[in-house]
Amino acid sequence: MTILSVVSSCQAPLLLQGHVKVEPKAYLQQQNKQLKLSKCLVPSLIAAIVTLSPFCHPQASLGQGVEVNTGATLFNKACIGCHVGGGNIIQPGATLFPEDLARNGVQTEDEIYQITYYGKGRMPGFGQNCTPRGQCTFGARLQDEEIKLLAQFVRSQADQGWKSTENPGN
63 MTILSVVSSC QAPLLLQGHV KVEPKAYLQQ QNKQLKLSKC LVPSLIAAIV
113 TLSPFCHPQA SLGQGVEVNT GATLFNKACI GCHVGGGNII QPGATLFPED
163 LARNGVQTED EIYQITYYGK GRMPGFGQNC TPRGQCTFGA RLQDEEIKLL
213 AQFVRSQADQ GWKSTENPGN
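Every number in our numbering is 62 more than the matching position in the sequence shown, counting from 1.
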């Protein structure tokens, strides 16, 4: 037979298990043990959750992780064919390393954005409204916001020496 509890608003419950009466005192002792255990475990669990929470170890901004992942994904889809590891398999003097970027007059995210959008030299443009047509990619075009994220990613990777172009979350 299952445990049956009869609860009064002022007294501890009277428990019956099978045909045996369980005293309220024993019940209260058991409840006290569970309460003590909860008091020990709950703070530890909360501390563990808070410690592992991304709010305790935020990136520069909470949205930055998503932007870096998106920038890396875009780079791996649109750019890595020519710029693997920040290099340039088509034109070796036009890598994405800081020295080459500076020598070629491309130092800011905006300048990276402009070249990515409209293209330059042998590099095709990827912007939605890129012209002239022969200077633009024949592949999929990128939205303005995507090119901004891509420019941020390229600048960030250049500053870090192109250690990896994989998504940080993978």
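Note that CB positions come from ideal geometry on N, CA and C, so glycine has one too.
Where residue i sits in the DSSP three-state scheme
{"i": "GLY23", "result": "An answer regarding residue 23 cannot be provided, because it is not within the stretch 63 to 232 covered by the chain."}
{"i": "CYS192", "result": "coil"}
{"i": "CYS198", "result": "strand"}
Residue range of the unbroken alpha helix (DSSP H) whose run includes residue i
{"i": "ALA156", "result": "Element bounds for ALA156: n/a, residue is neither H nor E."}
{"i": "LEU163", "result": "160 to 165"}
{"i": "GLY187", "result": "Looking at the DSSP string, GLY187 is not in any alpha helix (DSSP H), and its letter there is neither H nor E."}
{"i": "CYS141", "result": "Unbroken run through CYS141: none, as it is neither H nor E."}
{"i": "THR178", "result": "171 to 180"}
Residue i classed as buried or exposed, judged by whether at least 16 other C-beta atoms fall within 10 angstroms
{"i": "ALA164", "result": "exposed"}
{"i": "ARG184", "result": "exposed"}
{"i": "ARG195", "result": "exposed"}
{"i": "LEU136", "result": "buried"}
{"i": "ILE108", "result": "exposed"}
{"i": "ILE177", "result": "buried"}
{"i": "VAL216", "result": "buried"}
{"i": "ALA213", "result": "buried"}
{"i": "PHE200", "result": "exposed"}
{"i": "CYS102", "result": "exposed"}
{"i": "GLY143", "result": "exposed"}
{"i": "GLY223", "result": "exposed"}
{"i": "GLY303", "result": "In the structure as shown, the chain starts at 63 and stops at 232, and residue 303 therefore has no counterpart that could be examined."}
For residue j and residue i, the rounded distance between their alpha carbons
{"i": "GLN219", "j": "PRO105", "result": "41 Å"}
{"i": "LEU204", "j": "PHE159", "result": "23 Å"}
{"i": "SER123", "j": "LYS95", "result": "In this predicted model, SER123 has a pLDDT of only 38, less than 50, meaning its place in the structure is not dependable; the value taken from the coordinates is given anyway. Their Cα atoms are separated by approximately 44 Å."}
{"i": "ILE152", "j": "THR193", "result": "21 Å"}
{"i": "ALA134", "j": "LEU97", "result": "49 Å"}
{"i": "ASN131", "j": "LEU90", "result": "54 Å"}
{"i": "GLN93", "j": "LEU99", "result": "10 Å"}
{"i": "CYS141", "j": "VAL168", "result": "17 Å"}
{"i": "ASN166", "j": "GLY181", "result": "13 Å"}
{"i": "ASN138", "j": "TYR175", "result": "17 Å"}
{"i": "CYS198", "j": "GLU161", "result": "26 Å"}
Cβ-heavy atom distance, residue i to the ligand NAP, below 7 Å
{"i": "ASP206", "result": "No copy of the ligand NAP appears in this structure; indeed no ligand is present at all."}
Closest Cα partner of residue i within the set the options
{"i": "ILE209", "options": "ASN166, LYS98, GLU173", "result": "GLU173"}
{"i": "ASP206", "options": "GLN190, VAL168, GLY143, GLN214", "result": "GLN190"}
{"i": "ALA202", "options": "PRO86, LEU211, TYR179, SER100", "result": "TYR179"}
{"i": "GLY147", "options": "ALA140, THR157, THR132", "result": "THR157"}
{"i": "LYS225", "options": "ALA140, GLY149, LYS87, CYS144", "result": "GLY149"}
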